[in-house]
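**Student:**
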Amino acid sequence: MKFDPSVAWTKILILANSFIAAIPNILIAALIFALFYHAGRQIRALVRRATESHRRSQSVGLVLGRLSQGVIVLVGALVALTVVFPSFNVSNLISLLGISTVAIGFAFKDIFQNFPAGILLLLAEPFRIGDQIVVKDFEGTVRDIQTRATTIDTYDGRRIVIPNTELFTEAVTVNTAYEKRRCQCEIGVGHSDDPDEAKSVILNAIGDLEGVMTDPAPEAFVVEIAASSITIRIWWWVQPPTRRNVLVVQDCVLIAATKALMENGIDIPFATQTTLFTTILRIWMCVIATAMFSMAGIHLSNSQWRHNALIHFSLSSPPLNT
1 MKFDPSVAWT KILILANSFI AAIPNILIAA LIFALFYHAG RQIRALVRRA
51 TESHRRSQSV GLVLGRLSQG VIVLVGALVA LTVVFPSFNV SNLISLLGIS
101 TVAIGFAFKD IFQNFPAGIL LLLAEPFRIG DQIVVKDFEG TVRDIQTRAT
151 TIDTYDGRRI VIPNTELFTE AVTVNTAYEK RRCQCEIGVG HSDDPDEAKS
201 VILNAIGDLE GVMTDPAPEA FVVEIAASSI TIRIWWWVQP PTRRNVLVVQ
251 DCVLIAATKA LMENGIDIPF ATQTTLFTTI LRIWMCVIAT AMFSMAGIHL
301 SNSQWRHNAL IHFSLSSPPL NT
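Here it is as C-alpha cells:
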C-alpha cells in the first residue's frame, strides 16, 4: 500500500484547526473549573471556621468541609467537560464508569478502604487533633486527620502517616482522653526496715510536689517481698496528662522519694547474686596439693599427682555446693 503524505498532512491540519477552534471552549472550561475549585475551598474554610469554636464539632466540620468541597469540585469538572465536549452528558460518564469499574476498584482499593474508615473516625471521634495516642509501636501527637490517613508527630521530631484502616481496626491508646492521668513507679526498701514507715516517708515527700495532684491523693502499696528488698508501688495523678508533664513529674517524684528514704535511714538495697566458680577452685586445689607434695619431697608422675591430689582434697575438704 502506497503512503500518501498529503492525506496525513490533511488530517493533521484538520486536527489543528479543531484544536484552535476549541481553544476558547478550553479556556472557558478552565475558568469554570477554577471558579468551582475556589468556591469549594471557600466553603470548606467557612465550615471549619463555623465549627472550630466547638471542640466536639471540629471533626464533624472537617468531614462536612471536605465532602462539600469534593462535591463542588466534581460538579465543576462535569460542567467543564460539557463546555469542552458539547456532546458529553452524564449518561456517557455512567457508561464509562461501568466499563472501568473493575480497573478503578483495583487501582484505588486502598483509597476506597481508607476513605470510609476516615469518615467514621472523624464522626465517632475516638481521638481528636492535638491528642497524644499510641498505635502499635508509634506514639505521638495527632496533627491531622484526613479521609485517607492520619498524621502524628512523634516526640523525637518525626512525622508518621498511618492509614485510617489501621486506626479503625487496631487498638489505639489515647493518653490525653481525660483531663488527668494516674502514673506509677516501684521502689525497693530493705527487709530490716518497716514498710509502713517507708510508705509514710514516701507519701509525705511527694504529697506537696508541684504537678502531683492532691485529689486523688498519692497512694503507696507493698506489692512484693523480693529476694533482696520489699517492693513498694507508688501511685500519683497528674494534670494535664501530656507526655512531657508525665515525665517531669515522675522525675520529681523519684528524686524526692529517694532523698526522703535516705534521710530517714531507710535502706534502698541493690540486687545481689552469688556465683560459685567450682571448676576454677578445684584447679587451684590441685595446684596447692602438688606444691604440698613437692615440699614433702614426694615426686609423682603426672597421672599419680592428679589422682592423689583429688583424693586428698575430696577426703579432707567439705564438698562444694554448685
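In the UniProt record's numbering, the protein residues as written are 1 to 322. The beta carbon of each residue, even a glycine, is placed where N, CA and C say it ideally should be.
(1) Please report the distance separating the alpha-carbon of aspartate 193 from that of alanine 217.
(2) In terms of residues, what are the limits of the beta strand (DSSP E) holding alanine 260?
(3) Rounded to a whole number of angstroms, what is the C-alpha to C-alpha distance between isoleucine 162 and threonine 10?
(4) Answer yes or no: do phenylalanine 115 and arginine 148 have a C-beta to C-beta separation smaller than 8 Å?
(5) Tell me which same chain residues have a C-beta within less than 8 Å of the C-beta of valine 84, skipping the five on either side of it?
(6) How far does the alpha helix (DSSP H) with threonine 169 in it extend, from its first residue to its last?
(7) Let me check one thing: in DSSP terms, what residues is phenylalanine 221 bridge-paired to?
(8) Tell me phenylalanine 138's beta-bridge partners as DSSP assigns them.
(9) Using only alpha-carbon positions, find the residue among Pro241, Phe36 and Val174 that is nearest to cysteine 183.
(10) Taking buried to mean at least 16 other C-beta atoms within 10 Å of its own C-beta, is leucine 261 buried or exposed?
(11) Per DSSP, which residues does glutamine 184 bridge with? Please list them.
(12) Cβ of phenylalanine 127 within 8 Å of Cβ of valine 172?
(13) Could you say if the region 193-212 and the region 229-245 meet the contact criterion of at least three C-beta pairs nearer than 8 Å?
(14) By the DSSP assignment, the alpha helix (DSSP H) with alanine 198 in it spans what residues?
(15) Skipping 5 residues on each side, what residues in its chain have a beta carbon closer than 8 Å to that of glycine 190?
(16) List the endpoints of the continuous beta strand (DSSP E) containing aspartate 153.
(17) What number of angstroms, rounded off, separates the C-alpha of aspartate 215 from the C-alpha of arginine 181?
(18) Indicate the three-state DSSP secondary structure (helix, strand or coil) for valine 47 in the structure shown.
(19) I need the straight-line Cα distance from phenylalanine 36 to valine 73, nearest angstrom please.
(20) Would you identify the three-state DSSP class for arginine 128, choosing helix, strand or coil?
(21) Rounded to whole angstroms, what's the CA-CA distance from glutamate 263 to isoleucine 232? Just pull it up for me.
(22) Return the Cβ separation of valine 142 and threonine 150 in integer angstroms, given the expectation that the two are a contact with Cβ distance under 8 Å.
(23) Among all the DSSP beta bridges, which residues are the ones paired with isoleucine 20?
**Tutor:** Reading it off the structure:
(1) Along the sequence shown, one-based indexing puts residue 193 at 193. Along the sequence shown, one-based indexing puts residue 217 at 217. Rounded to the nearest angstrom, the two C-alpha atoms are 24 Å apart.
(2) As a working mapping, residue 260 is identified with position 260 in the sequence shown. It is not in any beta strand (DSSP E) - alanine 260 instead sits in the alpha helix (DSSP H) that spans 243-263.
(3) Taking the first residue of the sequence shown as 1, we reach residue 162 at position 162. Taking the first residue of the sequence shown as 1, we reach residue 10 at position 10. So the two alpha carbons sit approximately 55 Å from each other.
(4) Mapped onto the sequence shown, residue 115 falls at position 115. Mapped onto the sequence shown, residue 148 falls at position 148. Against a cut-off of 8 Å, the Cβ pair of arginine 148 and phenylalanine 115 comes out as a contact.
(5) Residue mapping note: residue 84 aligns to position 84 of the sequence shown, counting from 1. Contacts found: Ala22, Asn25, Ile26 and Ala29.
(6) Walking along the sequence shown from the start, residue 169 turns up at place 169. Run containing threonine 169: 164-169, per the alpha helix (DSSP H) assignment.
(7) Residue 221 sits at position 221 when you count from the first residue of the sequence shown. Beta-bridge annotation (DSSP): phenylalanine 221 is paired with Arg233.
(8) Taking the first residue of the sequence shown as position 1, residue 138 is located at position 138. Paired residue(s): Val135.
(9) Within the sequence shown, the letter at position 183 stands for residue 183. Ranking Pro241, Phe36 and Val174 by Cα distance to cysteine 183 puts Pro241 first.
(10) Along the sequence shown, read from residue 1 onward, the residue named residue 261 stands at position 261. Burial call: buried.
(11) Indexing the sequence shown from 1 puts residue 184 at position 184. Note: glutamine 184 sits in a beta bridge opposite Trp235.
(12) On the sequence shown, position 127 is the one that residue 127 refers to. On the sequence shown, position 172 is the one that residue 172 refers to. Yes. Within cutoff.
(13) With contact defined as three or more Cβ pairs closer than 8 Å, the region 193-212 and the region 229-245 are in contact.
(14) Position 198 of the sequence shown, counted from the first residue, corresponds to residue 198. That run of the alpha helix (DSSP H) goes 195-206.
(15) Within the sequence shown, the letter at position 190 stands for residue 190. Cβ within range, chain order: Ser229, Ile230, Ile266, Asp267, Ile268 and Pro269.
(16) The residue given as residue 153 occupies position 153 in the sequence shown. Start and end: 149-154.
(17) Reading the sequence shown from its first residue, position 215 is the one you call residue 215. Reading the sequence shown from its first residue, position 181 is the one you call residue 181. Between aspartate 215 and arginine 181, the alpha-carbon positions lie close to 12 Å from each other.
(18) Your numbering for residue 47 matches position 47 in the sequence shown. Correct three-state label for valine 47: helix.
(19) As a first step, residue 36 is located in the sequence shown; it is residue number 36 there, counting from the start. As a first step, residue 73 is located in the sequence shown; it is residue number 73 there, counting from the start. Going by the C-alpha atoms only, they are around 6 Å apart.
(20) In the sequence shown, residue 128 corresponds to position 128, counting from 1. Three-state DSSP puts arginine 128 in coil, outside helix and strand.
(21) In the sequence shown, counting from the first residue as 1, residue 263 sits at position 263. In the sequence shown, counting from the first residue as 1, residue 232 sits at position 232. Distance between the alpha carbons of glutamate 263 and isoleucine 232: 18 Å.
(22) Position 142 of the sequence shown, counting from 1, holds the residue named residue 142. Position 150 of the sequence shown, counting from 1, holds the residue named residue 150. Valine 142 to threonine 150, Cβ: 6 Å. Contact.
(23) Residue 20 sits at position 20 when you count from the first residue of the sequence shown. DSSP lists no partner for isoleucine 20.
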